[in-house]
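In this note's numbering, the protein residues as written are 25 to 236.
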């Protein structure tokens, strides 16, 4: 008699740098690589009990044994990114479900869905599926707000998505560089342009010249 052993469940966190293509076009491949490496370092520092599975260019894949562990890692990473000066916004996606583990990597529909959830997020936004949101609400790890039923790329059935908002400090408000898409602190940057009555803040004179 063949016994079917269910795959264990994991919570996955995918995150990547929003606007990375614009960043590399403005600052070159070396500049883009430097920012990506810094993002990987910030991720490792934010993991807690979670595990970095692999880096994906300008993105990361993280796995955790539970929803709370993954959510805390996302919160820590979001805070560390906010504390950076002249750094891109990051988008996040979380989901929980079964996966197959092989040579330290994870495979399955749950992994693929988590990546699609992240892709649906706007810069700076943390999105998750209902199973994650339910745990977040019950444990009061963060505030969760439904954003609706969304059709995700290459996912057959529409998925209910939720936005997570953490309870910690928000950090200083930053402006989006219109050229490289980095978040800029208006109080420290010297690159400013008055464009049609609106004050724009840029990360560097290089971006200011490109915009001009």
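Cβ atoms here follow ideal geometry from the backbone N, Cα and C, with glycine treated the same way.
Predicted model, so just to flag it, every value in this text is computed and none were measured.
Locate the beta strand (DSSP E) running through residue i, then write down its first and last residues.
i, result
"residue 152", "150-153"
"residue 205", "Where residue 205 is concerned, there is no enclosing beta strand (DSSP E), given that its DSSP letter is neither H nor E."
"residue 33", "33-41"
"residue 222", "222-226"
"residue 79", "75-80"
Measuring CA to CA, which of the options is closest to residue i?
i, options, result
"residue 75", "42, 101 and 85", "85"
"residue 135", "148, 117 and 146", "117"
"residue 177", "120, 143 and 57", "143"
"residue 145", "199, 231, 127 and 175", "175"
"residue 32", "90, 123 and 159", "123"
"residue 42", "125, 81 and 183", "81"
"residue 64", "51, 233 and 38", "38"
Grab the span of the alpha helix (DSSP H) containing residue i for me, first residue to last.
i, result
"residue 104", "91-106"
"residue 181", "Premise fails: residue 181 is in no alpha helix (DSSP H) and is neither H nor E."
Run through the DSSP bridge pairs and tell me what residue i is partnered with.
i, result
"residue 147", "DSSP, once it has assigned bridges, lists no residue as partnering residue 147."
"residue 168", "188"
"residue 63", "Answer is none; residue 63 lacks a bridge partner."
"residue 124", "131"
Check this for me: beta carbons of residue i and residue j, under 8 Å apart or not?
i, j, result
"residue 153", "residue 185", "yes"
"residue 77", "residue 129", "yes"
"residue 47", "residue 105", "no"
"residue 102", "residue 34", "no"
"residue 209", "residue 226", "no"
"residue 108", "residue 70", "no"
**Study point:** Meets three-Cβ-pair contact criterion under 8 Å: the region 172-190 and the region 94-105
**Key:** Flag = yes, the region 172-190 and the region 94-105 touch.
Check your understanding: Any contact of the region 203-212 with the region 101-114, i.e. 3+ C-beta pairs under 8 Å?
Key -> Touching, yes.
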